[in-house]
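S.K.: One structure coming up, written as structure tokens, with questions to follow.
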């Protein structure tokens, strides 16, 4: 039982904070073609607003938890949330693409802090049963964001312009900041002790030790490549559906509801398989085969010239890719933490970092190809799912070798 006497923040506040900070990933997707035209830049340059955000988040998730150990949860949450609000306002007012890209990196700091530190606050202030309940509710923020943010953003772009997407985020977060100021109390009372014991060299060596492990690298390749394939879709989708296929911004946004529902279905299937005592590696294998099926469906659009059928195949294939990530990610996290019992936190943090790095790579690859958006997406999907399959084959071979040694 947790003995910390500090009252935890209201769960609804934490859900709303997670929703709003994650919404900046999806809310402006419908406006990407307009951003490209307004600033007179290529698709690849405008998509730096996505890749730089992901690279920055990859960096911040490695260290933001440590910063909160050194200087307190409350100060980190409030200061980084304030940075997120200020960056959103700056983006809404910016007149140059470099300024927007820099502010997207600042937004990533706020998103990383809310994503990581809120979980540490939950750990500090709740017993294990309450932690599981609260963490489960936090997932609502992660699930609702990719459902509601693109739809809301599409309507904002339709009736006004893309800048108001970021005004909406800032205006939504201002009252949340005031609420957090009152409700979030300092839950880390070991700051002086942690600062006295802290060694950056030790942390770096732990990360290096994990990185040298071939089993970890194979698992990271599985998760990272699957994530890259999905982020390639996120980055190219507005150019593909709106510019290439002529679909309205609002209609384009609704497909994200289907994608989110596919993820929920995958999560449900994963939970059912886990309840039936299916091994994590086998669940990952089902996810890999599902992603291969999704890739096959996407490839099938090459053989048709019917626009409606092409859109349908692209959408169904993408939903299968998203479903696959729900089958892959949680079991891989379990496999990582169980393999590195003494370095589980470092391994999991590094896995998250690599996942976001791959998301940035996915964005860059799909943006830099010089074909039609649909062709770019198809090529990048084949490449990344092949890499994910390669990682799974290495993991399977490692497991087979271990069984042979034990036998």
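Numbering (my numbering), first residue to last: 1134 to 1540. All C-beta atoms, glycine included, are put in the ideal place defined by N, C-alpha and C. Please read these numbers as outputs of a predicted model, since none were measured by experiment.
Straight-line CA distance for residue 1530 to residue 1421?
M.R.: Taking the chain shown and counting its residues from 1, one reaches residue 1530 at position 397. Taking the chain shown and counting its residues from 1, one reaches residue 1421 at position 288. Near 15 Å, if we compare the C-alpha coordinates of residue 1421 and residue 1530.
S.K.: What is the DSSP secondary structure of residue 1158, counted as helix, strand or coil?
M.R.: Locating residue 1158 in the chain shown gives position 25, where the first residue counts as 1. In this structure, residue 1158 counts as coil in the three-state DSSP scheme.
S.K.: Whole angstroms is fine: what's the gap from residue 1359's alpha carbon to residue 1344's?
M.R.: Numbered from 1 along the chain shown, position 226 holds the residue referred to as residue 1359. Numbered from 1 along the chain shown, position 211 holds the residue referred to as residue 1344. So the alpha carbons of these two residues sit roughly 19 Å apart.
S.K.: Curious, which full-length alpha helix (DSSP H) runs of at least 4 residues does the stretch 1466-1507 contain?
M.R.: Fully enclosed alpha helix (DSSP H) runs of 4 or longer: 1477-1501.
S.K.: Measuring straight from C-alpha to C-alpha, what distance separates residue 1134 and residue 1463?
M.R.: Sequence index remark: in the chain shown, residue 1134 carries index 1 (1-based). Sequence index remark: in the chain shown, residue 1463 carries index 330 (1-based). A caution first: residue 1134 carries a pLDDT of 47, below 50, which makes its placement in the model too unreliable to give a value.
S.K.: Quick check: the Cα distance between residue 1526 and residue 1459, rounded to an integer number of angstroms?
M.R.: Counting from one through the chain shown, the residue named residue 1526 turns up at place 393. Counting from one through the chain shown, the residue named residue 1459 turns up at place 326. The alpha-carbon atoms of residue 1526 and residue 1459 are separated by roughly 19 Å.
S.K.: Does the beta-carbon distance from residue 1210 to residue 1317 come in below 8 Å?
M.R.: Walking along the chain shown from the start, residue 1210 turns up at place 77. Walking along the chain shown from the start, residue 1317 turns up at place 184. Yes, they are a contact pair.
S.K.: If we define contact as Cβ-Cβ less than 8 Å, is residue 1323 a contact residue for chain B?
M.R.: Looking at the structure shown, chain B is missing, and only one protein chain is on hand.
S.K.: Cα-Cα, which of 1181, 1483, 1363 and 1532 is closest to residue 1338?
M.R.: On the chain shown, residue 1338 is found 205 positions in, with the first residue counted as 1. Residue 1338 has its Cα closest to that of 1483, out of 1181, 1483, 1363 and 1532.
S.K.: Restricting to Cα atoms, I'd like to know which of 1431, 1523, 1297 and 1321 is closest to residue 1363.
M.R.: Counting from 1 along the chain shown, the entry for residue 1363 is found at position 230. Nearest option by C-alpha distance: 1431.
S.K.: Can you tell me which of 1305, 1471, 1510 and 1204 puts its alpha carbon nearest to the alpha carbon of residue 1331?
M.R.: Counted from its first residue, the chain shown places residue 1331 at position 198. That would be 1204, whose Cα lies nearest to the Cα of residue 1331.
S.K.: Near residue 1497, what residues of its chain come up, given a Cβ to Cβ distance below 7 Å and the 5 sequence neighbours on each side ignored?
M.R.: Here residue 1497 refers to the residue found at position 364 when the chain shown is read from its first residue. Excluding residues within five positions, the ones whose Cβ falls inside 7 Å are 1184.
S.K.: Quick one: Cα of residue 1148 to Cα of residue 1433, how far?
M.R.: Translated into the one-based positions of the chain shown, residue 1148 becomes position 15. Translated into the one-based positions of the chain shown, residue 1433 becomes position 300. Cα to Cα, residue 1148 sits roughly 39 Å from residue 1433.
S.K.: Give me, in chain order, the residues of the same chain whose beta-carbon lies closer than 7 Å to that of residue 1215; leave out the 5 immediate sequence neighbours on both sides.
M.R.: Here residue 1215 refers to the residue found at position 82 when the chain shown is read from its first residue. Hits under 7 Å: 1310.
S.K.: Could you pull the start and end residues of the alpha helix (DSSP H) that residue 1185 belongs to?
M.R.: Position 52 of the chain shown holds residue 1185. Here the alpha helix (DSSP H) through residue 1185 covers 1181-1204.
S.K.: Nearest-angstrom Cα distance between residue 1414 and residue 1524?
M.R.: Taking the chain shown and counting its residues from 1, the one referred to as residue 1414 is at position 281. Taking the chain shown and counting its residues from 1, the one referred to as residue 1524 is at position 391. Rounded to whole angstroms, residue 1414 to residue 1524 spans 12 Å at the Cα level.
S.K.: Between residue 1452 and residue 1428, what straight-line distance do the alpha-carbon atoms span, to the nearest angstrom?
M.R.: Residue 1452 sits at position 319 when you count from the first residue of the chain shown. Residue 1428 sits at position 295 when you count from the first residue of the chain shown. Taking the straight line joining both Cα atoms gives about 10 Å.
S.K.: Does the Cβ-Cβ distance between residue 1159 and residue 1389 come in under 8 Å?
M.R.: The residue you call residue 1159 lines up with position 26 of the chain shown. The residue you call residue 1389 lines up with position 256 of the chain shown. Yes, Cβ-Cβ distance for residue 1159 and residue 1389 is below 8 Å.
S.K.: Can you grab the Cα-Cα spacing for the pair residue 1219 / residue 1319, in whole Å?
M.R.: Taking the chain shown and counting its residues from 1, the one referred to as residue 1219 is at position 86. Taking the chain shown and counting its residues from 1, the one referred to as residue 1319 is at position 186. Straight across, the Cα-Cα distance linking residue 1219 with residue 1319 is about 23 Å.
S.K.: So residue 1298 packs on residue 1290, CB below 8 Å; how close in whole Å?
M.R.: On the chain shown, residue 1298 is found 165 positions in, with the first residue counted as 1. On the chain shown, residue 1290 is found 157 positions in, with the first residue counted as 1. Taking the Cβ atoms as the reference, residue 1298 lies roughly 7 Å from residue 1290, within the contact range of under 8 Å.
S.K.: So does the stretch 1232-1245 actually touch the stretch 1172-1190, counting three or more Cβ pairs closer than 8 Å?
M.R.: Enough Cβ pairs lie closer than 8 Å, so yes.
S.K.: Does DSSP classify residue 1140 as helix, strand or coil?
M.R.: In the chain shown, counting from the first residue as 1, residue 1140 sits at position 7. Coil at residue 1140, not helix or strand.
S.K.: Ends of the alpha helix (DSSP H) at residue 1298?
M.R.: Locating residue 1298 in the chain shown gives position 165, where the first residue counts as 1. From DSSP, the alpha helix (DSSP H) with residue 1298 extends over 1296-1316.
S.K.: In whole angstroms, give me the CA-to-CA distance for residue 1169 and residue 1323.
M.R.: Position 36 of the chain shown holds residue 1169. Position 190 of the chain shown holds residue 1323. Distance between the alpha carbons of residue 1169 and residue 1323: 48 Å.
S.K.: Grab me the residues of residue 1145's own chain with a C-beta within less than 7 Å of its C-beta, minus the 5 sequence neighbours each way, in chain order.
M.R.: In the chain shown, counting from the first residue as 1, residue 1145 sits at position 12. So no residue of the chain qualifies.
S.K.: Going along the chain, which residues of its own chain have a beta-carbon closer than 6 Å to the beta-carbon of residue 1399, five neighbours each way excluded?
M.R.: Translated into positions along the chain shown, residue 1399 becomes position 266. The beta carbon of residue 1399 lies closer than 6 Å to those of 1456, 1459 and 1460 in the same chain, with the five residues before and after it left out.
S.K.: Determine the extent of the alpha helix (DSSP H) in which residue 1174 is found, giving its start and end residues.
M.R.: On the chain shown, position 41 is the one that residue 1174 refers to. Here residue 1174 belongs to no alpha helix (DSSP H), and DSSP marks it neither H nor E.
S.K.: If you draw a straight line from the alpha carbon of residue 1157 to that of residue 1412, how long is it in whole angstroms?
M.R.: Position 24 of the chain shown, counted from the start, is the residue given in the question as residue 1157. Position 279 of the chain shown, counted from the start, is the residue given in the question as residue 1412. Those two C-alpha atoms are separated by around 36 Å.
S.K.: For residue 1213 and residue 1237, what's the separation of their Cα atoms in angstroms?
M.R.: Counting from one through the chain shown, the residue named residue 1213 turns up at place 80. Counting from one through the chain shown, the residue named residue 1237 turns up at place 104. If I take the Cα positions, the gap works out to 13 Å.
S.K.: Taking the C-alpha atoms as reference points, what is the distance between residue 1513 and residue 1301?
M.R.: Within the chain shown, numbered from 1, the residue matching residue 1513 stands at position 380. Within the chain shown, numbered from 1, the residue matching residue 1301 stands at position 168. Distance between the alpha carbons of residue 1513 and residue 1301 is about 32 Å.
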